[in-house]
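Undergrad: For the record, the sequence lines run as chains A and B. As numbered in this note's numbering, residues 28 to 697 make up the first sequence, in order. As numbered in this note's numbering, residues 4 to 136 make up the second sequence, in order. Let me begin by handing over the structure; questions about it come next.
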Amino acid sequence: MSTQTLAVLVPLLPFLAAAAGLLLGGRAPGFVRPLAVLPTAVAAALAALVAARQSGGTPIRGATELTPTGNADLPVQLALHVDGFAALVAVLVGVVATAVQLYSTSYLRDDPRYPSYAALVSLFSAAMYLVVYSDDLVVLLVGWEVMGVCSYFLIGHHWETRAARSASLKAFLTTKLGDVPFLIGILALASDAGTFRISTITTRLTSSLSGWELAHPTLVALLLLAGVAGKSALFPLHTWLPSAMAGPTPVSALIHAATMVAAGIYVVARLLPVFASSAAALLVLAALAGLTMAGAALCALAQDDLKRVLAYSTLSQLAYMAGALAVADRGAAVFHLLSHGAFKALLFLAAGVLIHAAGTNSLTAMGRRRLTSRAPDAYWTTTLGLLALAAIPPFSGFFSKEAVLASAEHAALAHRSGVPAVAGWIVLVAGLLTALLTAAYATRMWLLAFRGTGAQPPAPAEPAGATGVGAIEEDPPGDEPNSLPDTPPSQPRARRQPAAMTVVLWALAVPTLAFGLLFDALPAWFDSATLAPTLTTSVLATGVALVGAVVTYGAWRHTTALAPGTASADPGRLLLGPLHTTAEAGFRLDAAYRAVAVRPALAASRLARMLDRDVVDAYVRGAGRGSRMLGALVRRAQTGNLQTYLAVLLAGSVVLAVAAAVAATGTAGA
Amino acid sequence: MHLAYPAVLSALLFCTGLYGVLARRNLILVLMSVELMLNAVNLDLVAFDVWLRDTLHAGQSLALFTIAVAAAEIGIGLAIVLLVHRNRGTSAVDRLRLLRDDSRDEPAPPPAGAAAARPGGSEGPDTSGEATE
Chain A
28 MSTQTLAVLV PLLPFLAAAA GLLLGGRAPG FVRPLAVLPT AVAAALAALV
78 AARQSGGTPI RGATELTPTG NADLPVQLAL HVDGFAALVA VLVGVVATAV
128 QLYSTSYLRD DPRYPSYAAL VSLFSAAMYL VVYSDDLVVL LVGWEVMGVC
178 SYFLIGHHWE TRAARSASLK AFLTTKLGDV PFLIGILALA SDAGTFRIST
228 ITTRLTSSLS GWELAHPTLV ALLLLAGVAG KSALFPLHTW LPSAMAGPTP
278 VSALIHAATM VAAGIYVVAR LLPVFASSAA ALLVLAALAG LTMAGAALCA
328 LAQDDLKRVL AYSTLSQLAY MAGALAVADR GAAVFHLLSH GAFKALLFLA
378 AGVLIHAAGT NSLTAMGRRR LTSRAPDAYW TTTLGLLALA AIPPFSGFFS
428 KEAVLASAEH AALAHRSGVP AVAGWIVLVA GLLTALLTAA YATRMWLLAF
478 RGTGAQPPAP AEPAGATGVG AIEEDPPGDE PNSLPDTPPS QPRARRQPAA
528 MTVVLWALAV PTLAFGLLFD ALPAWFDSAT LAPTLTTSVL ATGVALVGAV
578 VTYGAWRHTT ALAPGTASAD PGRLLLGPLH TTAEAGFRLD AAYRAVAVRP
628 ALAASRLARM LDRDVVDAYV RGAGRGSRML GALVRRAQTG NLQTYLAVLL
678 AGSVVLAVAA AVAATGTAGA
Chain B
4 MHLAYPAVLS ALLFCTGLYG VLARRNLILV LMSVELMLNA VNLDLVAFDV
54 WLRDTLHAGQ SLALFTIAVA AAEIGIGLAI VLLVHRNRGT SAVDRLRLLR
104 DDSRDEPAPP PAGAAAARPG GSEGPDTSGE ATE
């Protein structure tokens, strides 16, 4: 088969699986699991094959007209464009989607709505493949919106709970709020460029020969940016992401790692020449990225819910990617997208195991559950994921984050053409600050979840010893951080996690560990110069990360010694000081939205209801009531007495006769 | 003979009949009153036929026609009265009120008050007996 056919099959397979799953799910329960896992896995394999065949060379293209738009020069095309970015992002989507499907088979084993869940996850990944491979802005928008709908359904999977319902609604409304300007931006861009094809637009913009420029680059870029901010959860529209934790954990992994939020970054990367032609748009993007980065990291330091910590860390890592785009380096952005996708999926899936084992989301409560022995695989893989998140050298997060920071430093100091130096400085400073905070919250999360002291007499917890987890009956060889990290503990446990879950975790741990080492090979896939870490920024960033970790550890030692096993043992409280309560509430942005948007909307709807019920309906009801009263009057005459009727008949005919007589004499007299 | 005598007699007869129809309770008497009214009309027909000297005597033939129709009518009418009396045990015309409007789904006061004000409230359950006639 040609590579084109393979690339077409990649989005098609999960889509067909989703359709089949939705149609057959209730009737053939035996087919649900294979139907969920197999097409997704095959699509991932095909995506890998496409990537191998493409291997960063000339883009694979193909197009067929989908529908005319009324303008013969501007048709909507079902176009395919697989360059290095698309191929690699599709591989990431495939890997994460397969991991999530495999993990869900056991995570949601007893869930009555598993068939529709699996079908929606398939549809979700199909839509993301469509976004990744599509070369046509309108087709891309279709995939974009299908993802929005799928996220709505999946976040609201547990719709019995109020939190899930409101979270899914919030996610849907917030992303749609961004999608409206996004749609306008697409139409403006297409009418400006005369085509919906992304490759044509970018080729024209980057070619120095044509000298073609957009008429309103800033306007178009800012409109598109609004949609991206909604989807990728940048500062003003980010509040849906932490709330989306109400969904099942694998869905969070899918949304955060590969599909939903990655789409925004990916679209900016594809359309980067449009953004790069407007310095103002890059500045706005840099400011949003810097604000989101640092703010979300502060919030993550204050959260007590394990999943919310991870959600805020996603926000801050996404802002890194946005920062790389703001300094017009899409290679670094997609590099970080890929490595972040791997380790964030790992962190979320491991968090699912931890929450299952502990029976709680709260970090403080988790500390008392001896998770190191109960869920050893999740413990080790979470540790790896957190190391990657904090960008500690050999892990993947280090290399990709260094690529972002090096690129920002380059833009700040060396004045890349078209990129304002201010944007570089914003990204660099915010990035370094966030590196400090990231290490701090990663350390805090690890300490609270795995080294928290229980109700047992608090041993002075040494990080290198197993004493912090309290008295453990069984021998805890796998619990000591000194033992080899990559040997899965094999001693039999009473409550082992199912193999489908642990295998996925360890499979994802491989790219978490080693993906960053590909930094030398990746520039061949991307059009960027180099992704290798530079000395200055690596030393700086790793230094501040270590400082953050050490300070957090010190604070934790201090607070644990004072008040072991309670909420006040949280080092975040000490580190953030008076900022803690504000940061825990996400800087009260939800309250602000409530005051600015939700309350007026509710008031307006109440007004509309009042107008409808008490004004419009009053007329309708009044008409009904009036005719009923008239009817009641008329009914009084219906006594059933024949003689009354006859008497009335007589009276009527007498009146008529008299009238006729009067009329006759009147006309005769005249 | 002047036309006024038969005309006045006929008018008196008609009014008597009308009074009987509107005021008598007994169905037989009501039917008899109807006969009075018909015969008042017959008297008029004959009188005017004579007064107008109609060569075709249309008035007289119409009177004969009316007599025949009246005979048929009284036969059917008496049969109906007989059946009504058999079924319901009464032939009082103001008790035969099955077609009265007293829809029970309406709690509105007018029909309830009207039903309470009437003496014959016992026709309600007899719907099936009336329907078979």
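For glycine and all other residues, C-beta sits at the position ideal for the given N, C-alpha and C.
1. Does A/Thr202 get closer than 8 Å to chain B when you measure Cβ to Cβ?
2. Check A/Ser161 in the structure and name its three-state DSSP category.
3. Could you name the residues of chain A that B/Arg3 contacts, counting a contact when the two beta carbons are closer than 7 Å?
4. Compare the C-alpha of A/Leu474 against each of A/Ala369, A/His607, A/Thr391, A/Gly175 and name the closest.
5. Thinking just about the alpha-carbon of each residue, which of A/Pro447, A/Gln524, A/Ile292 is nearest to the one in A/Thr399?
6. Select from the segment 678 to 696 of chain A all residues with a C-beta closer than 7 Å to any C-beta belonging to chain B, and list them in chain order.
7. For A/Met656, count neighbouring Cβ atoms within 10 angstroms of its own Cβ and tell me buried if that reaches 16, exposed if not.
8. How many angstroms separate the CA atom of A/Ala63 from the CA atom of A/Val120?
9. Evaluate A/His367 with the Cβ neighbour count: other Cβ atoms within 10 Å of its Cβ, from every protein chain shown; 16 or more gives buried, anything less gives exposed.
10. Determine the burial state of A/Val577: buried for a count of at least 16 other Cβ atoms within 10 Å of its Cβ, exposed for fewer.
11. Does A/Arg297 pass the burial test, meaning 16 or more other C-beta atoms within 10 Å, or should it be called exposed?
12. Using a beta-carbon distance below 8 Å, is A/Arg652 in contact with chain B?
13. Return no unless some Cβ of chain B is closer than 8 Å to the Cβ of A/Phe42.
14. Beta-carbon of B/Leu25 versus every beta-carbon of chain A: anything under 8 Å?
15. Verify the CB distance criterion: does A/Ala47 have a CB-CB separation below 8 Å to chain B?
16. Spatial neighbours of B/Asp108 within its chain, please: CB distance less than 7 Å, with the 5 preceding and 5 following residues excluded, ordered by chain position.
17. Starting from A/Leu673, find everything on chain B with Cβ-Cβ shorter than 8 Å and list it in chain order.
18. Please name the residue or residues paired with A/Arg88 in a DSSP beta bridge.
19. Applying a beta-carbon distance threshold of less than 9 Å, which residues of chain A neighbour B/Val96?
20. So B/Arg100 contacts chain A; which residues on that side make the cut at Cβ distance below 9 Å?
21. Starting from the Cα of A/Thr85, find the closest Cα among A/Ala469, A/Ala618, A/Phe553 and give me that residue.
22. Which same chain residues, not among the five before or five after A/Phe199, have their C-beta less than 7 Å away from its C-beta?
23. When the Cβ atoms of the segment 61 to 75 of chain A are set against those of the segment 135 to 155 of chain A, are three or more pairs found closer than 8 Å?
24. Is it right to say A/Phe425 is buried, meaning 16 or more other beta carbons lie within 10 angstroms of its own, or is it exposed?
25. To the nearest angstrom, how far is the alpha carbon of A/Ala690 from that of B/Glu76?
26. To the nearest angstrom, how far is the alpha carbon of A/Ile225 from that of A/Leu115?
27. Whole angstroms is fine: what's the gap from A/Gly665's alpha carbon to B/Ser36's?
28. Which complete alpha helix (DSSP H) runs does the segment 312 to 389 of chain A hold, if anything under 4 residues is left out?
29. Determine, for A/Arg136, whether the minimum Cβ-Cβ distance to residues of chain B falls below 8 Å.
30. Are at least three pairs of beta-carbons, each pair with one atom in the segment 364 to 380 of chain A and one in the segment 445 to 460 of chain A, less than 8 Å apart?
31. May I have the straight-line CA-CA distance separating A/Ala688 from A/Ala695, to the nearest angstrom?
32. Does the beta-carbon of A/Ser343 have 16 or more other beta-carbons within 10 angstroms, so that it is buried, or is it exposed?
33. Using a Cβ cut-off of 9 Å, pull out every chain B residue sitting near A/Arg615, in sequence order please.
34. Cα-Cα, which of A/Pro56, A/Gly57, A/Ala44 is closest to A/Pro66?
35. Does DSSP classify A/Val446 as helix, strand or coil?
36. Let me know if A/Trp407 comes out buried or exposed under the rule of 16 or more other beta-carbons within 10 Å of its beta-carbon.
TA: Considering the structure as presented:
1. no
2. strand
3. Outside the displayed span of chain B (4 to 136) sits residue 3 of chain B, for which this structure offers no information.
4. Relative to A/Leu474, the option among A/Ala369, A/His607, A/Thr391, A/Gly175 whose CA is nearest is A/Thr391.
5. A/Gln524
6. none
7. exposed
8. 15 Å
9. buried
10. exposed
11. That one is buried.
12. no
13. no
14. yes
15. no
16. Note that B/Asp108 scores a pLDDT of 48, beneath 50, so its modelled location is shaky and nothing firm can be said.
17. Val24, Leu25
18. A/His108
19. Asn668, Leu669, Gln670
20. Thr666, Gly667, Asn668, Leu669
21. Comparing Cα-Cα distances from A/Thr85 to each of A/Ala469, A/Ala618, A/Phe553, the minimum goes to A/Phe553.
22. Gly175, Tyr179
23. yes
24. buried
25. Between the alpha carbons of A/Ala690 and B/Glu76 lies a distance of about 36 Å.
26. 18 Å
27. Inspection of the sequence shows that residue 665 of chain A is occupied by Gln rather than by Gly. So the alpha carbons of these two residues sit roughly 24 Å apart.
28. 333 to 353, 357 to 385
29. Closer than 8 Å: no.
30. Result no; under three Cβ-Cβ pairs closer than 8 Å.
31. 10 Å
32. buried
33. The premise fails here: A/Arg615 is roughly 56 Å from chain B at the closest Cβ pair, so nothing lies under 9 Å.
34. Distance from the Cα of A/Pro66 is smallest, within the candidate group A/Pro56, A/Gly57, A/Ala44, for A/Ala44.
35. In the structure shown, A/Val446 falls within a coil segment according to DSSP collapsed to helix, strand and coil.
36. buried
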